[in-house]
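Shown next, in structure tokens, is the structure this report addresses.
There are 2 protein chains.
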Amino acid sequence: MGWPMAENLARTGLEVLGLDALTERAEAFHRQVSTRNDGIENIEALVIMVVNAEQIRSLLFSDALVVGGLASRLPTDACIVQMSTVAPADAEALAADVAAVRPDLHYVDAPVSGGVVGAQAGTLSIMAAGDAPSLERCRPLFDILGQAIFEVGDRPGQGAAMKAVNQLLCGVHIAAAAEALALAEKSGIDRQIALRLVQGSAASSWMLRDRGPRMIEPPGDVTSAIDIFCKDLGIVCDAASSSRAYTPLAHSAHQLFVATAEGGEGRLDDSQLIRTYRRLNGCDPEGGGQA
Amino acid sequence: MGWPMAENLARTGLEVLGLDALTERAEAFHRQVSTRNDGIENIEALVIMVVNAEQIRSLLFSDALVVGGLASRLPTDACIVQMSTVAPADAEALAADVAAVRPDLHYVDAPVSGGVVGAQAGTLSIMAAGDAPSLERCRPLFDILGQAIFEVGDRPGQGAAMKAVNQLLCGVHIAAAAEALALAEKSGIDRQIALRLVQGSAASSWMLRDRGPRMIEPPGDVTSAIDIFCKDLGIVCDAASSSRAYTPLAHSAHQLFVATAEGGEGRLDDSQLIRTYRRLNGCDPEGGGQA
Numbered sequence: 001m002g003w004p005m006a007e008n009l010a011r012t013g014l015e016v017l018g019l020d021a022l023t024e025r026a027e028a029f030h031r032q033v034s035t036r037n038d039g040i041e042n043i044e045a046l047v048i049m050v051v052n053a054e055q056i057r058s059l060l061f062s063d064a065l066v067v068g069g070l071a072s073r074l075p076t077d078a079c080i081v082q083m084s085t086v087a088p089a090d091a092e093a094l095a096a097d098v099a100a101v102r103p104d105l106h107y108v109d110a111p112v113s114g115g116v117v118g119a120q121a122g123t124l125s126i127m128a129a130g131d132a133p134s135l136e137r138c139r140p141l142f143d144i145l146g147q148a149i150f151e152v153g154d155r156p157g158q159g160a161a162m163k164a165v166n167q168l169l170c171g172v173h174i175a176a177a178a179e180a181l182a183l184a185e186k187s188g189i190d191r192q193i194a195l196r197l198v199q200g201s202a203a204s205s206w207m208l209r210d211r212g213p214r215m216i217e218p219p220g221d222v223t224s225a226i227d228i229f230c231k232d233l234g235i236v237c238d239a240a241s242s243s244r245a246y247t248p249l250a251h252s253a254h255q256l257f258v259a260t261a262e263g264g265e266g267r268l269d270d271s272q273l274i275r276t277y278r279r280l281n282g283c284d285p286e287g288g289g290q291a
Numbered sequence: 292m293g294w295p296m297a298e299n300l301a302r303t304g305l306e307v308l309g310l311d312a313l314t315e316r317a318e319a320f321h322r323q324v325s326t327r328n329d330g331i332e333n334i335e336a337l338v339i340m341v342v343n344a345e346q347i348r349s350l351l352f353s354d355a356l357v358v359g360g361l362a363s364r365l366p367t368d369a370c371i372v373q374m375s376t377v378a379p380a381d382a383e384a385l386a387a388d389v390a391a392v393r394p395d396l397h398y399v400d401a402p403v404s405g406g407v408v409g410a411q412a413g414t415l416s417i418m419a420a421g422d423a424p425s426l427e428r429c430r431p432l433f434d435i436l437g438q439a440i441f442e443v444g445d446r447p448g449q450g451a452a453m454k455a456v457n458q459l460l461c462g463v464h465i466a467a468a469a470e471a472l473a474l475a476e477k478s479g480i481d482r483q484i485a486l487r488l489v490q491g492s493a494a495s496s497w498m499l500r501d502r503g504p505r506m507i508e509p510p511g512d513v514t515s516a517i518d519i520f521c522k523d524l525g526i527v528c529d530a531a532s533s534s535r536a537y538t539p540l541a542h543s544a545h546q547l548f549v550a551t552a553e554g555g556e557g558r559l560d561d562s563q564l565i566r567t568y569r570r571l572n573g574c575d576p577e578g579g580g581q582a
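Now the structure itself:
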């Protein structure tokens, strides 16, 4: 998601320096847009979009990407805009660790929703948390990258917490859609009719309308993998655990995604969670046996 | 829901006989519309909309409402249109019991979704199951009572199964909304911002948009009570049990509704399920402590 976001920023005329652990990707980006390869000391905002907290920690504090780590090389008053999905406790700890070594830097915790499609189109939902001056600094960036910008709190960690709330609903709704459609199949109801009915009733959800059709058709392209929700619902469970909140549905859904991945299907589209329900129902995981 | 449905049927010029265990309600109806009080022997279609399978059994087979029970008094070739929400196994058994004593009658299992509002407006979703000639007979009635008519199977029980699939999603989505909004509150995120965000993202559901605002405001009117979902999710669990399907989310949600009712809040609006989450999170059930 980071590269299309970088391209959107560059397209507005901002000078953008792209960094990637994969040198080829960074070079491909550099050929497309105006950048300063040696401009780390002039960075005003460091936008981070990586896989997990370990990667963030590594690029900020170790020599992995930049000698000395980015945190030590940013100029005074620069703003770190951390947009990856991490657990709230990690988001809080990262901000605190940066503040400990570089109290002059701004830090905003700003995860997003909308996926690669939203990153490309500049229509992400952004859940930003940080002190008022830091959020103020980020607004022009957010207006380029996203469509719906929510300032959800005044301290890093609250953006991640909001993202966890969002992912709780997304993950549980995918699992509920799979549970319901697998029950319809097991009851001998035509799955096309069942889906059409629940899509148009009070039973509907964004995920049901989006993933439902892919649940009852043969597996196709992977839009978002089972593995992503193993991670994201894992973060939800961690978030619930650290804020000591009761989240039984999120835990059930997480275990279903994890079991599906452990069964070797982690790279399938997340709609294929229905295969696990079908197996547990004693049915053909491909959904055979129905017209 | 039965009375507004009867009124919609009467309004089209059909002769409608209203029966109710509460004599006053039946009489109030009779004053409004053209009926034949003594017309049981001329009934073409008996539409049943009551609370549970016991009531259906009682009115069909006992003297409770009509001496001899309605099943024995209907004319040859009449159609029983059972629209109450019951477990699939009950729907199947009722049809079989009618067929055993009156093989000449038609029987359609046709539960609805849309509530009192849909019953009044004639915009119910109807999930009809029965043999083709019986469904054919019911179509003119369904066109008056409903907006979306789905023929979901050829045997009684499949309508009830489809309704269970629908209610699984509705009940789990209410619980997921409560779980997510209570987590947001526990994380110190402004609940208005949290709700606005998830309503507009891939996290949204029909229930989140409908019940969410009522979850974060002081309890108001009761649109649909906690008790209703205790019953409906109980039926979902029964349906899953009899078709031997795996439904962990429905079971979790059911237990939350039951625990809320057992705590003395069964007659509150179902949005108030969030009170149970708040209590389990160690928060004020009223949602106090936030601006």
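Just so you know, the sequences run in chain order C and S. The first sequence begins at 1 in my numbering and counts up one residue at a time. The second sequence begins at 292 in my numbering and counts up one residue at a time. Every residue, glycine too, gets a C-beta built ideally from N, C-alpha and C.
Query - Beta-carbon proximity list for residue 458 of chain S, same chain, < 6 Å, skipping 5 on both sides - result: Within the second sequence, the letter at position 167 stands for residue 458 of chain S. So the qualifying residues of the chain are 523 and 527.
Query raised in the report: residue 186 of chain C touches chain S at which residues, Cβ-Cβ below 7 Å?
Result: Translated into positions along the first sequence, residue 186 of chain C becomes position 186. Residues of chain S passing the Cβ test: 534 and 536.
Requested in this report: Could you tell me if residue 183 of chain C is buried or exposed, where buried requires 16 or more neighbouring beta carbons within 10 angstroms of its beta carbon?
Outcome: Locating residue 183 of chain C in the first sequence gives position 183, counting from the first residue. Buried, by the Cβ-count rule.
Query raised in the report: Shorter than 8 Å from the beta carbon of residue 426 of chain S to some beta carbon of chain C?
Result: Counting from one through the second sequence, the residue named residue 426 of chain S turns up at place 135. Cβ-Cβ to chain C under 8 Å: no for residue 426 of chain S.
**Report entry** 8 Å Cβ cut-off: residues of chain C touching residue 443 of chain S
**Finding:** Looking up residue 443 of chain S in the second sequence gives position 152. Neighbours of residue 443 of chain S on chain C, chain order: 189, 190, 193, 194 and 197.
Report task. Could you spell out the range, first to last residue, of the beta strand (DSSP E) harbouring residue 277 of chain C? Result -> Translated into the one-based positions of the first sequence, residue 277 of chain C becomes position 277. Run containing residue 277 of chain C: none in the beta strand (DSSP E); it sits in the alpha helix (DSSP H), 273-280.
Query - Proximity below 8 Å, CB of residue 260 of chain C to CB of residue 247 of chain C - result: For the purposes of this step, residue 260 of chain C is taken as residue 260 along the first sequence, with counting starting at 1. For the purposes of this step, residue 247 of chain C is taken as residue 247 along the first sequence, with counting starting at 1. Contact: no.
**Report entry** Boundaries of the alpha helix (DSSP H) in which residue 360 of chain S is found, first to last residue
**Finding:** The residue given as residue 360 of chain S occupies position 69 in the second sequence. Where residue 360 of chain S is concerned, there is no enclosing alpha helix (DSSP H), given that its DSSP letter is neither H nor E.
Query raised in the report: Helix, strand or coil for residue 242 of chain C per DSSP?
Result: Locating residue 242 of chain C in the first sequence gives position 242, counting from the first residue. Helix at residue 242 of chain C.
**Report entry** Beta-bridge pairing of residue 372 of chain S - partner residues as DSSP gives them
**Finding:** Within the second sequence, residue 372 of chain S is the residue found at index 81, counting from 1. According to DSSP, which records beta bridges pairwise, residue 372 of chain S is partnered with S:338 and S:399.
Query raised in the report: CB-CB under 7 Å to residue 356 of chain S, same chain, minus the five flanking residues each way: which ones, in chain order?
Result: Counted from its first residue, the second sequence places residue 356 of chain S at position 65. Cβ neighbours of residue 356 of chain S beyond the five flanking positions: 310, 312 and 350.
Query - Residues within the segment 489-514 of chain S neighbouring chain C, beta-carbon criterion of under 9 Å - result: 489, 491, 492, 493, 494, 495, 496, 497, 498, 499 and 501
Query raised in the report: The beta strand (DSSP E) with residue 125 of chain C in it runs from where to where?
Result: Here residue 125 of chain C corresponds to residue number 125 of the first sequence, with the count starting at 1. Boundaries of the beta strand (DSSP E) harbouring residue 125 of chain C: 124-129, taken from the DSSP string.
Query raised in the report: According to DSSP, is residue 286 of chain C helix, strand or coil?
Result: Against the first sequence, residue 286 of chain C aligns to sequence position 286. Here residue 286 of chain C sits in coil by DSSP.
Query raised in the report: Thinking just about the alpha-carbon of each residue, which of S:445, S:574 and S:385 is nearest to the one in residue 371 of chain S?
Result: Here the question's residue 371 of chain S lines up with position 80 in the second sequence. The shortest Cα separation from residue 371 of chain S among S:445, S:574 and S:385 belongs to S:385.
Report task. Find the nearest neighbour of residue 572 of chain S within the set S:404, S:562, S:478 and S:352, judged by alpha-carbon distance. Result -> In the second sequence, the residue the question calls residue 572 of chain S occupies position 281. When each option's Cα is compared against that of residue 572 of chain S, the closest is S:478.
Query raised in the report: Where residue 283 of chain C and residue 494 of chain S are concerned, what is the direct C-alpha to C-alpha distance, given to the nearest angstrom?
Result: Translated into positions along the first sequence, residue 283 of chain C becomes position 283. Translated into positions along the second sequence, residue 494 of chain S becomes position 203. Rounded to whole angstroms, residue 283 of chain C to residue 494 of chain S spans 29 Å at the Cα level.
Query - Spatial neighbours of residue 316 of chain C in its chain, beta-carbon cut-off 8 Å, leaving aside the 5 residues before and after - result: Since the first and last residues shown for chain C are 1 and 291, residue 316 of chain C lies out of range.
Requested in this report: Count the other C-beta atoms from every protein chain shown that fall within 10 angstroms of the C-beta of residue 401 of chain S, then say buried if there are 16 or more, exposed otherwise.
Outcome: Walking along the second sequence from the start, residue 401 of chain S turns up at place 110. Buried, because 16 or more other Cβ atoms sit within 10 Å of the Cβ of residue 401 of chain S.
Query - C-alpha distance - residue 441 of chain S paired with residue 24 of chain C, whole-angstrom precision - result: As a first step, residue 441 of chain S must be located in the second sequence, where it is residue number 150. As a first step, residue 24 of chain C must be located in the first sequence, where it is residue number 24. Approximately 54 Å between the Cα atoms of the pair.
**Report entry** Proximity below 8 Å, CB of residue 157 of chain C to CB of residue 213 of chain C
**Finding:** Mapped onto the first sequence, residue 157 of chain C falls at position 157. Mapped onto the first sequence, residue 213 of chain C falls at position 213. Result no, Cβ atoms of residue 157 of chain C and residue 213 of chain C do not sit closer than 8 Å.
Report task. State the Cα-Cα distance for the pair residue 274 of chain C and residue 100 of chain C, rounded to the nearest angstrom. Result -> The residue you call residue 274 of chain C lines up with position 274 of the first sequence. The residue you call residue 100 of chain C lines up with position 100 of the first sequence. One C-alpha to the other measures close to 46 Å.
Query raised in the report: Does residue 248 of chain C have its Cβ less than 8 Å from a Cβ in chain S?
Result: Residue mapping note: residue 248 of chain C aligns to position 248 of the first sequence, counting from 1. Answer yes: the Cβ-Cβ gap between residue 248 of chain C and chain S drops below 8 Å somewhere.
Query raised in the report: For residue 221 of chain C, is the classification buried or exposed, using 16 other Cβ atoms within 10 angstroms of its Cβ as the cut-off for buried?
Result: Start at 1 with the first residue of the first sequence, and residue 221 of chain C comes out as number 221. Burial call: exposed.
Query - residue 227 of chain C, DSSP secondary structure in three states - result: Walking along the first sequence from the start, residue 227 of chain C turns up at place 227. Taken through DSSP and simplified to helix, strand or coil, residue 227 of chain C comes out as helix.
Query - Through-space distance from residue 467 of chain S to residue 530 of chain S, alpha-carbon basis - result: If you number the second sequence from 1, residue 530 of chain S lands on position 239. If you number the second sequence from 1, residue 467 of chain S lands on position 176. Whole-angstrom Cα-Cα distance: 21 Å.
Query raised in the report: So what's residue 508 of chain S in DSSP terms, helix, strand or just coil?
Result: Translated into positions along the second sequence, residue 508 of chain S becomes position 217. Collapsing the DSSP output to three states places residue 508 of chain S in coil.
Query raised in the report: Within the 8 Å Cβ cut-off, does residue 415 of chain S reach chain C?
Result: By 1-based counting over the second sequence, the position of residue 415 of chain S is 124. Chain C, which has no Cβ nearer than 8 Å to the Cβ of residue 415 of chain S, makes this no.
**Report entry** Whole runs of the alpha helix (DSSP H) within the segment 402-479 of chain S, excluding any shorter than 4 residues
**Finding:** 406-412, 423-436 and 449-477
Report task. Provide the residue span of the alpha helix (DSSP H) that contains residue 1 of chain C, from first to last. Result -> Translated into the one-based positions of the first sequence, residue 1 of chain C becomes position 1. Taken as a continuous stretch (DSSP letters only), residue 1 of chain C belongs to no alpha helix (DSSP H), as it is neither H nor E.
Query raised in the report: What is the C-beta distance between residue 272 of chain C and residue 226 of chain C, in whole angstroms, given that I count them as a contact (C-beta under 8 Å)?
Result: As a first step, residue 272 of chain C is located in the first sequence; it is residue number 272 there, counting from the start. As a first step, residue 226 of chain C is located in the first sequence; it is residue number 226 there, counting from the start. Correct: roughly 7 Å between the Cβ atoms.
Query raised in the report: How about residue 463 of chain S and residue 169 of chain C: are their beta carbons less than 8 Å apart?
Result: Working through the second sequence from its first residue, we reach residue 463 of chain S at position 172. Working through the first sequence from its first residue, we reach residue 169 of chain C at position 169. It is not a contact, given that the beta carbons lie outside the stated cut-off.
Report task. Using alpha carbons as the reference points, say which of S:439, S:381 and S:480 lies closest to residue 507 of chain S. Result -> Translated into positions along the second sequence, residue 507 of chain S becomes position 216. The option with the nearest alpha carbon to residue 507 of chain S is S:480.
Query raised in the report: When DSSP labels each residue in this structure, what does residue 18 of chain C get in the three-state scheme?
Result: As a working note, residue 18 of chain C is residue 18 in the first sequence. Correct three-state label for residue 18 of chain C: coil.
Report task. Note down, in chain order, each residue of its chain lying with its Cβ closer than 7 Å to the Cβ of residue 8 of chain C, except the 5 sequence neighbours on either side. Result -> Within the first sequence, residue 8 of chain C is the residue found at index 8, counting from 1. For residue 8 of chain C, where only same-chain residues beyond five positions count, the Cβ hits under 7 Å are 122, 144 and 145.
Report task. Note down, in chain order, all residues in the segment 458-474 of chain S with a beta-carbon under 9 Å from any beta-carbon belonging to chain C. Result -> 458, 459, 460, 461, 463, 464, 466, 467, 468, 470, 471, 472, 473 and 474
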